[in-house]
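Engineer: Protein chains in written order, with my numbering: chain X, 1 to 152; chain F, 153 to 304.
Structure in structure tokens, see below.
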DNA sequence: CTTTATCTCTACCTGTTAAATAGGGATATG
DNA sequence: CATATCCCTATTTAACAGGTAGAGATAAAG
């Protein structure tokens, strides 16, 4: 299971990305809309800002906007911000490789091989699908991060 | 990352499954071979027994043997014993479904949809690949759970 | 029938993390 | 200058990971 923190981050990102071009969204509004504890959400939005994904405006009529286009932000990237490495085994992580204490030979390790396959399969999805894709595929057809399509 | 507990369980299972037909393997031997804390491993082996995967013999010259053939035991099944549901979101778990508090509409939830894809991809691997498969594909060509192949 | 090697069971311990909660400080707008 | 917002840090509570510890049950060997 992914953490609530990560899930709230996706909610927030999708909401900000789906907002009309140029309009900002406040943490309070997002929290209300999705029933997320407000102060907790603030921390999360701050993390997204520090990661260079969101930008913010302070003061009255402040709020959050996308800093990068939604279709350049993959689910994998966001997940890694909040969950750390996605690899199921330390020896499978490119970013933060660590040897397994109980491993006799990495090259022949069956566990590593099988989980490597599972990891590849899941990464294929998470690192290719973006926030923009998710909105575009949405029933309501959000269109953040790309040109507007004519509907009808 | 999967827990050490689960990883140790796979080590143990693969070792027992790879043992010559009819021979049992002691927890001490497995612990020594893979540098796993012995008492911790004992708990794990007990869990595998309670799950109906391993059988055990007590007393001198005791040890563990497979209760079911290795090629009927998927990585997913074992993982679920030690990690609980594999679904990345509670609303994606068939076995222990739970609604997300912050979800407005499950049918249109972009998070659910995207993680559903990732989950499907990873489950495709974990629920189809078995301990027996993993040994068969091994460089050294273990052959537990199926007829012996001639190596020439 | 005693010793010894094994599995079985239960309790406990320590550090880390999840999931908030709390309380203010900084800043922009009206 | 009042208010609404974002910004930052500390604290709390519960659960969980990853063991450690000690004793009991059982079976084989001598």
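The C-beta atom is built at its ideal place from N, Cα and C for all residues, glycine as well.
Model, not experiment: these values are computed from the prediction.
In or out: residue 169 of chain F buried (at least 16 other Cβ within 10 Å) or exposed?
Structural biologist: Position 17 of the second chain holds residue 169 of chain F. When all chains shown are included, residue 169 of chain F counts as buried.
Engineer: Under DSSP, the beta strand (DSSP E) around residue 215 of chain F begins and ends at which residues?
Structural biologist: As a working mapping, residue 215 of chain F is identified with position 63 in the second chain. That run of the beta strand (DSSP E) goes 215-218.
Engineer: Between the C-alpha atoms of residue 310 of chain F and residue 135 of chain X, what's the straight-line distance to the nearest angstrom?
Structural biologist: In the structure as shown, chain F begins at 153 and stops at 304. Residue 310 of chain F is therefore absent and cannot be evaluated.
Engineer: Measure the beta-carbon distance from residue 154 of chain F to residue 222 of chain F and round it to whole angstroms, keeping in mind my assumption that it falls under 8 Å.
Structural biologist: By 1-based counting over the second chain, the position of residue 154 of chain F is 2. By 1-based counting over the second chain, the position of residue 222 of chain F is 70. Not confirmed; about 20 Å, so no contact.
Engineer: Quick check on this structure: which residue in X/128, X/126, X/91, X/46 has the alpha carbon closest to the alpha carbon of residue 112 of chain X?
Structural biologist: As a working mapping, residue 112 of chain X is identified with position 112 in the first chain. Comparing Cα-Cα distances from residue 112 of chain X to each of X/128, X/126, X/91, X/46, the minimum goes to X/91.
Engineer: Report yes if the CB atom of residue 200 of chain F is closer than 8 Å to the CB atom of residue 166 of chain F, and no otherwise.
Structural biologist: As a working mapping, residue 200 of chain F is identified with position 48 in the second chain. As a working mapping, residue 166 of chain F is identified with position 14 in the second chain. Against a cut-off of 8 Å, the Cβ pair of residue 166 of chain F and residue 200 of chain F comes out as no contact.
Engineer: Here's the rule: buried if 16 or more other CB atoms are within 10 angstroms of the residue's CB, otherwise exposed. What is residue 159 of chain F?
Structural biologist: By 1-based counting over the second chain, the position of residue 159 of chain F is 7. By the 10 Å Cβ count, residue 159 of chain F comes out buried.
Engineer: Kindly say whether residue 7 of chain X, judged by its beta-carbon, lies nearer than 8 Å to any beta-carbon of chain F.
Structural biologist: Mapped onto the first chain, residue 7 of chain X falls at position 7. Interface residue, yes.
Engineer: For the region 26-99 of chain X, which segments carrying the beta strand (DSSP E) assignment without a break, of at least 3 residues, lie completely within its bounds, in sequence order?
Structural biologist: Correct list: 54-57, 63-66.
Engineer: Against residue 55 of chain X, what residues of chain F qualify as contacts under a CB-to-CB distance less than 9 Å, listed in chain order?
Structural biologist: Along the first chain, read from residue 1 onward, the residue named residue 55 of chain X stands at position 55. Result: empty, since nearest Cβ-Cβ is about 22 Å, beyond 9 Å.
Engineer: With 8 Å set as the bound, which would you pick, yes or no: does the beta-carbon of residue 42 of chain X sit closer than that to a beta-carbon of chain F?
Structural biologist: Taking the first residue of the first chain as position 1, residue 42 of chain X is located at position 42. No, no contact with chain F.
Engineer: Shorter than 8 Å from the beta carbon of residue 221 of chain F to some beta carbon of chain X?
Structural biologist: In the second chain, the residue the question calls residue 221 of chain F occupies position 69. No, because no Cβ of chain X sits closer than 8 Å to the Cβ of residue 221 of chain F.
Engineer: Excluding the five sequence neighbours on either side, which residues of its own chain have a C-beta within less than 7 Å of the C-beta of residue 218 of chain F, listed in chain order?
Structural biologist: Here residue 218 of chain F is taken as the residue at index 66 of the second chain, counted from 1. Answer for residue 218 of chain F: 168, 169, 206, listed in chain order.
Engineer: Is it buried or exposed, residue 137 of chain X, if we count other Cβ atoms within 10 angstroms and call 16 or more buried?
Structural biologist: Translated into positions along the first chain, residue 137 of chain X becomes position 137. Exposed, by the Cβ-count rule.
Engineer: Considering only C-alpha positions, which residue in the set F/195, F/179, F/186, F/193 is nearest to residue 216 of chain F?
Structural biologist: Here residue 216 of chain F is taken as the residue at index 64 of the second chain, counted from 1. Selected option, being the one with the closest Cα: F/179.
Engineer: Kindly indicate which residue of X/72, X/101, X/98, X/116 has the alpha-carbon position closest to the one of residue 127 of chain X.
Structural biologist: Stepping through the first chain from its first residue, residue 127 of chain X is reached at position 127. It is X/72.
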